[in-house]
Every structure is written in structure tokens, then in C-alpha cells.
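Visitor: In the numbering used here, the protein residues as written are 930 to 1545. Beta carbons are placed, not taken as given, at the ideal position from N, Cα and C, and that holds for glycine. On a predicted model such as this, the values are computed, not experimentally measured, just so you know. One structure, as C-alpha cells, below. Some questions next.
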């Protein structure tokens, strides 16, 4: 757990054999108490200051002294933030700078054991894992030894135990997700594997997350109320027929009750893959823990196995006015990610050979964004507005133009990635963008709203290893100050009302609209904004849906169905308030409202929806 080599030289940090970076301790003032506690609890090296950490990362991953200095300035001014594995491990010997990995199990005992073995090594380095199990034949099908297969669930159970075992020896809890296509014969049982009650407890996987790869053909069958064939991955024969709508309802019911499974609209994903990957016949089958990474896995066109790699960082949209006109900003970030990826390729052990190979061939990275809702609120723009749509498209067009230009420039300078070069395409990166959840790095960036999702509460209490923090919306703080209402009494009132301001009669209707919380927003706007930016993002987005537990089943269906119709590649969690609230139908409206507010306050503090720390 030692730093590779760092020395203080005239108030500068220099990782051995890397660039010297001058630090500015005054920039600590840009960090909140909550942000400092998060860094101290999780990410700082022994005796390291906040600015030392930022400089360590910038020094290690800069092309030269000028580039490293600019990177330090960007990070320390909170213009962007590397994913936490980069913050933790960059310039050290203690781990790798990669957030997560995607792989798949082949339909043989050897293939299954190879996946288990690889996952142990990946998890031991702190990486999240997304594994595809759709190649395996289903329960009861014949195998070459004249026996019958026990299906996928027992093998997934072993992975469940592995994840728990690895996490027990690590500060960062091991996390993994498993994916299955909607056509697999065991899909019905798979949907229920995280539900603690019902069915055989020996066929549950409570420590894993799960997602379903949904095809356009299935969604059309739902639309037309047709039967859906569950087919053997081995020979394509139909093992069972079910009503498509019944299977769809089963997925939606699990999502509203447990938050999962994630939904991966797999045909939308493959329609948007890079042209050189299409020419090579590379398909995406699965995603990661946060459902924003969409990269090919398994056997490729050259006969080699690929384990995809997530190399992430996020731009802070809240600081848009500070960085929008900086000529080097986005190019510098892509150079940074290119160096992070190369560091992984150079330092990863042989046990990660498939991941090193995939990273070398495609050089995919994921530059994302955070602070979208904060950006809107700073400008007093409601989330549910045409003006929000206009800014959404403008922001992500700006990022897309920057990353596309940088990829071509770096291809000329350093060479195109092999996957692209094979087809005469001058791109350094096969994929350049992906929108991760960013819960942790948003806290570090002064409390910017996480990723592209709406703010869950304007005021809430967060518990950490360093104590409890009352977190307040900064844009709302400024508004209350202007109105002479920035008092402890008002904030306490907001907190006990689940972080809502809708009850404050001194706010105008427009102001109340601006500061609506996630559960108060019409979720069709979440889908609309996500659909508008989807063509501008190479990979996918971590899109959460926020719904009351007693949402009408028609509305639940429509939101998810429209997400598919409008071209969203994935849906992450379906976050809902306690199901118990929906069962209390005989209480008065005031009691019901009070119960809902308590649930909102509780939801803001809870960790029921576990998120992979690596993506953040």
C-alpha cells in the first residue's frame, strides 16, 4: 500500500520518473466537509493531503509537465474527476486504475471454471464484474457425457459465493452483476434470483446484481401481445413458450419491488457500435454493474477471448462556464484516459490477459458527466422544460465534438487502436463516452448532482465513517439567502419533508418546479432527456427511474416501454419508495402524505440500492 515514489519539491508533487506538479492548498476550500470526509475515509494514501492526491494522479498520467499541471488544475478546481480507482491507485502499487470488467461464460465445464477463476483475480484487484451467462444451455438439456445439465443457476450461485468471499478481505466491497438474454429458457427463475422469499433458497443469488438483455423482437411481441419462445443457446430449439406480456410484467414487478433486474436493450446497443466493430463481427451481449458499459466480450474474429475493460472519468457540468472555452480541456482528458488505459495494459498481471488484450485491441474509454441537474438549477431551469432539453443537447454535443476530435488527433499522433486500424479507420479509441453514476465523485466535486440523474433530495443527512453530515442543495441555499430564509428552521423543515420544498409557501411556482426532487418529477422527462443524449454517447447511460411503490401498472409499463421506443440502450435501477406505503389504503390523506415524506427522507439516507463504488 505504498506510493510508487512521491517527493515534495518546492511545494510541488512529483511521482518518480513523472512530471512535477505545483499544488495550491487554497483549493481545499472548494471541497465540502462531506467531500473531504469521503476522500479521507476511502481514497487518500497515508499522510497524503487532498491536493497531494490530485497532484499524484496528474503527475503520473500526464504526457509531460505542462499536461500534468493542467490535469491537476482541472481536478483541483473540480472541472472533472477521475473514477475512484484512478484516484486511489494512480501512481501507487496498491491496485489498478480500472473500474470494472465484462466477460462471459462458455457452454462447457472448462468455460465455466475459467470464468470463475478470472473473476476471482478481477475482484481481488477491486474491480466490479459483469458476467454474461446466456451461452449456457438450460436446465434439463443433454450434455456430451450422456447426462443432463443442471442449468445456469447453480453456477451463478458459485459466483455469488465468490463475490462475497473476495469482498470480505477488501476495503472496497466486491461487486458483480450477471446478465441473461430474454430468450434463455431459465429467464423466469433468473428474474427472481435476488428476491429473498419464494422458491428454493438454494437457487438464489442475493449478493449479485442482475440484468436482462432485451431484444427488439421481444418488445414487439409485448406490443402485439404475442407468445415468446424461450430457446436453447446450444441448438436454437424452442424449449418453452410463454406470453411475452406475462414475462414483461414479471420483469417490471421485480424492478418496482427490488429495483432490479437492469434492462439492457441489446439491439439498440449493437445498432450503435463502432463501424469497425460491426465489420469485424463483434457483438455486445452484456453490460456492467452500472449498466453504462457496452463492449464486446468472448471469442473475437481473430480467435481470441476478450474481457472488456471500463476506464472512466467524468466532466462536471456544473462548472461548464469555467471550462467551456478552454481549448485543451476535452483533449487533455482523452489523453489522460489513454494513459490510464495504457497503465493498466502495462501493469496488469497475466491472470488478466484477456482484459489486457481487449484493452489493447479496442482502447475503449468512457468519458462521462455529472452535475446535469445542478447545472439546470444554477440557471433556475426546471428539469421538466424545453429549455432543459435545449441545454442537454448543447452540453453533450459539445462533449461529443471534443472527444471525436481528440480521438482522431491522437490516432495520428500515437496510432489508431488495432481494431480500427485493421479497417483503415483513424480512431485512437473504439468508444469514447459513457455516463456512469458518479455518486462518490459527485460528492468530491462539491456535491454536484450524480451523473445525469435528478437530485433525490434538497436536504438530507448522510452517515460516513467520519460522522454524519447534513447535505444541502447549494443552488437552493443561494435562493433562500436571497429571500432571507436561509435558516436552520427552514432547512430542518425541508429535511423532515423528505428533502422537498413544495410545501414552502414563500417560493413561487417556478422556483418549486426548479427544485423538484427525483420522486416529484414526471419520469417521462428522465426518459426524454436520456433519449435526446443517447445518440451523442458511444456506450450507454446509468439511467435510474424514480417511482412510488403504488405506481399504476399502466404508468410503470409506459415509462419502461417508452425508454425502449425512444432508443435508450439501458435502464439501471428502478428506485421506489417502500411497498408498505401502497398497502396502507385505509389511512387518511394527511397520514398517507406524512408516511410518504418519511419514506422519502428514509430513502435519501438508505443504501438499499447498492452501487458499484468503482464506477463512481
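Looking only at C-alpha atoms, which of 1202, 1454, 1349 sits nearest to residue 1362?
Guide: Checked all of 1202, 1454, 1349; the closest Cα to residue 1362 is 1202.
Visitor: Is it buried or exposed for residue 1435, if we count other Cβ within 10 angstroms and need 16 for buried?
Guide: So residue 1435 ends up on the exposed side.
Visitor: Taking 8 Å as the limit between beta carbons, can you name the residues of its chain near residue 1326, skipping five residues before and five after?
Guide: For residue 1326, where only same-chain residues beyond five positions count, the Cβ hits under 8 Å are 1465.
Visitor: Would you list the residues sitting across from residue 1193 in a DSSP beta bridge?
Guide: Bridge partners of residue 1193: 1142, 1499.
Visitor: Just mark residue 1397 as buried or exposed, buried being the case when its beta carbon has 16 or more other beta carbons within 10 Å.
Guide: Exposed, by the Cβ-count rule.
Visitor: Give the range of the beta strand (DSSP E) segment to which residue 1108 is assigned.
Guide: Its beta strand (DSSP E) spans residues 1105-1110.
Visitor: With a cut-off of 8 Å, do at least 3 Cβ pairs link the region 1134-1151 to the region 1104-1118?
Guide: Contact holds: three or more Cβ-Cβ distances are below 8 Å.
Visitor: Go ahead and pull the three-state DSSP assignment for residue 1512.
Guide: For residue 1512, the pLDDT reaches just 33, beneath the cut-off of 50, and the residue's location in the model is therefore unreliable, although a value from the coordinates is still provided. Correct three-state label for residue 1512: helix.
Visitor: Buried or exposed for residue 1344, going by 16 or more other Cβ atoms inside 10 Å?
Guide: Flag for residue 1344 reads exposed.
Visitor: Let's see if you can read the secondary structure: which residues bound the alpha helix (DSSP H) around residue 985?
Guide: Start and end: 979-990.
Visitor: Residue 975: buried (16+ other C-beta within 10 angstroms of its C-beta) or exposed?
Guide: Exposed: under 16 other Cβ atoms inside 10 Å.
Visitor: For residue 1190, count neighbouring C-beta atoms within 10 Å of its own C-beta (all shown protein chains included) and say buried if the count is 16 or more, exposed if not.
Guide: By the neighbour-count rule (16 or more Cβ atoms within 10 Å), residue 1190 is buried.
Visitor: Taking buried to mean at least 16 other C-beta atoms within 10 Å of its own C-beta, is residue 1356 buried or exposed?
Guide: Under this definition residue 1356 is a buried residue.
Visitor: Please tell me whether residue 989 and residue 1020 are closer than 8 Å, where the distance is taken between their beta carbons.
Guide: Taking 8 Å as the Cβ cut-off, residue 989 and residue 1020 qualify as a contacting pair.
Visitor: Would you call residue 1248 buried or exposed, if buried means 16 or more other Cβ atoms sit within 10 Å of its Cβ?
Guide: Buried, since its Cβ has 16 or more Cβ neighbours within 10 Å.
Visitor: Which ranges does the beta strand (DSSP E) cover as unbroken runs of at least 3 residues, wholly within the region 1455-1481, from first to last along the chain?
Guide: Whole beta strand (DSSP E) segments, 3+ residues: 1474-1476.
Visitor: What runs of the alpha helix (DSSP H), each 4 residues or longer, lie entirely inside the region 1236-1304?
Guide: As far as the region 1236-1304 is concerned, its whole alpha helix (DSSP H) runs of at least 4 residues are 1249-1252, 1258-1276, 1282-1291.
Visitor: Between residue 1431 and residue 1441, what straight-line distance do the alpha-carbon atoms span, to the nearest angstrom?
Guide: Roughly 6 Å between the two C-alpha positions.
Visitor: Which class does residue 1157 belong to by DSSP, given the choice of helix, strand or coil?
Guide: In this structure, residue 1157 counts as strand in the three-state DSSP scheme.
Visitor: Can you find the residues in the same chain that come closer than 7 Å, C-beta to C-beta, to residue 1512, ignoring five residues on each side of it along the sequence?
Guide: Only weak support is given to the placement of residue 1512: the predicted model assigns it a pLDDT of 33, under 50, and the question is left unresolved by the model.
Visitor: Taking residue 1017 as the reference, which of 1035, 983, 1412, 1262 has the closest Cα?
Guide: For residue 1017, the nearest C-alpha among the options comes from 983.
Visitor: Whole angstroms are fine: how far does the CA of residue 1303 sit from the CA of residue 1035?
Guide: Going from the Cα of residue 1035 to the Cα of residue 1303 covers about 44 Å.
Visitor: Does the Cβ-Cβ distance between residue 1365 and residue 1300 come in under 8 Å?
Guide: Contact flag unset, no.
Visitor: Can you find the residues in the same chain that come closer than 6 Å, C-beta to C-beta, to residue 1230, ignoring five residues on each side of it along the sequence?
Guide: The residues are 1209, 1210.
Visitor: Thinking just about the alpha-carbon of each residue, which of 1241, 1109, 1121, 1084 is nearest to the one in residue 1143?
Guide: Ranking 1241, 1109, 1121, 1084 by Cα distance to residue 1143 puts 1109 first.
Visitor: Considering only their Cβ atoms, is the gap separating residue 1067 from residue 1044 smaller than 8 Å?
Guide: Against a cut-off of 8 Å, the Cβ pair of residue 1067 and residue 1044 comes out as no contact.
Visitor: Out of 1291, 1077, 1316, 1491, which has the shortest C-alpha to C-alpha gap to residue 1352?
Guide: Of the candidates 1291, 1077, 1316, 1491, the one whose C-alpha sits nearest the C-alpha of residue 1352 is 1291.
Visitor: Is residue 1270 closer than 8 Å to residue 1240 when the C-beta atoms are compared?
Guide: It is a contact, given that the beta carbons lie within the stated cut-off.
Visitor: Do the CB positions of residue 998 and residue 945 come within less than 8 Å of each other?
Guide: It is not a contact, given that the beta carbons lie outside the stated cut-off.
Visitor: Where residue 1119 and residue 1228 are concerned, what is the direct C-alpha to C-alpha distance, given to the nearest angstrom?
Guide: Roughly 25 Å separates the two Cα atoms.
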